[in-house]
Structure formats: C-alpha cells, structure tokens
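Student: Residues in the sequence shown are numbered consecutively from 261, following my numbering. Ideal placement from N, C-alpha and C gives every residue a C-beta, glycine not left out. Being a predicted model, the structure only gives us computed values, none of them experimental. The structure is given below, and queries will be raised subsequently.
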Amino acid sequence: MLRTIQIGTCMSVQGLFVRQLDDGRLMIRVDQKVYVGTPVERPLPQAA
Numbered sequence: 261m262l263r264t265i266q267i268g269t270c271m272s273v274q275g276l277f278v279r280q281l282d283d284g285r286l287m288i289r290v291d292q293k294v295y296v297g298t299p300v301e302r303p304l305p306q307a308a
C-alpha cells in the first residue's frame with residue numbers, strides 16, 4: 261500500500277508502507293531506501 265509521510269517541515273516522501281512505529285511515525289520503502297516520518301492524512305471530503 262502506498263503511503264505519504266512528511267520528513268521535516270517541507271519534504272514529503274511517498275512509498276510502500278513497511279510498518280508503524282510505537283510513536284505513530286511510519287516507515288516506508290522507496291527502492292532500497294527506508295524513510296521514517298509522520299503520516300500525511302487524507303483530507304476529509306467536503307459536503308456539497
């Protein structure tokens with residue numbers, strides 16, 4: 261499953277979900293590299 265995480269204040273990375281850490285951060289894999297960051301939540305649909 262693809263997930264997006266934020267690393268720092270202005271960088272985001274999208275890759276394959278590896279696992280969720282105890283503190284809520286996510287690990288994702290892009291090629292052979294693993295990144296850890298805070299998940300980017302999907303926006304809620306707006307009512308018409």
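Check for me: the beta strand (DSSP E) holding Met287 runs from which residue to which?
Tutor: First-last of the beta strand (DSSP E) with Met287: Leu286 to Val290.
Student: Compare the beta carbon distance of Gln266 and Gly297 with 8 Å and say whether it is the shorter of the two.
Tutor: Cβ atoms of Gln266 and Gly297: closer than 8 Å.
Student: Quick one, are the C-beta atoms of Arg263 and Leu286 less than 8 Å apart?
Tutor: Against a cut-off of 8 Å, the Cβ pair of Leu286 and Arg263 comes out as a contact.
Student: If you compare alpha carbons, which of Met271, Thr269 and Leu276 is closest to Lys293?
Tutor: Per the Cα distances, Leu276.
Student: Pick helix, strand or coil for Val300, following the three-state DSSP scheme.
Tutor: Note: Val300 maps to coil in three-state DSSP.
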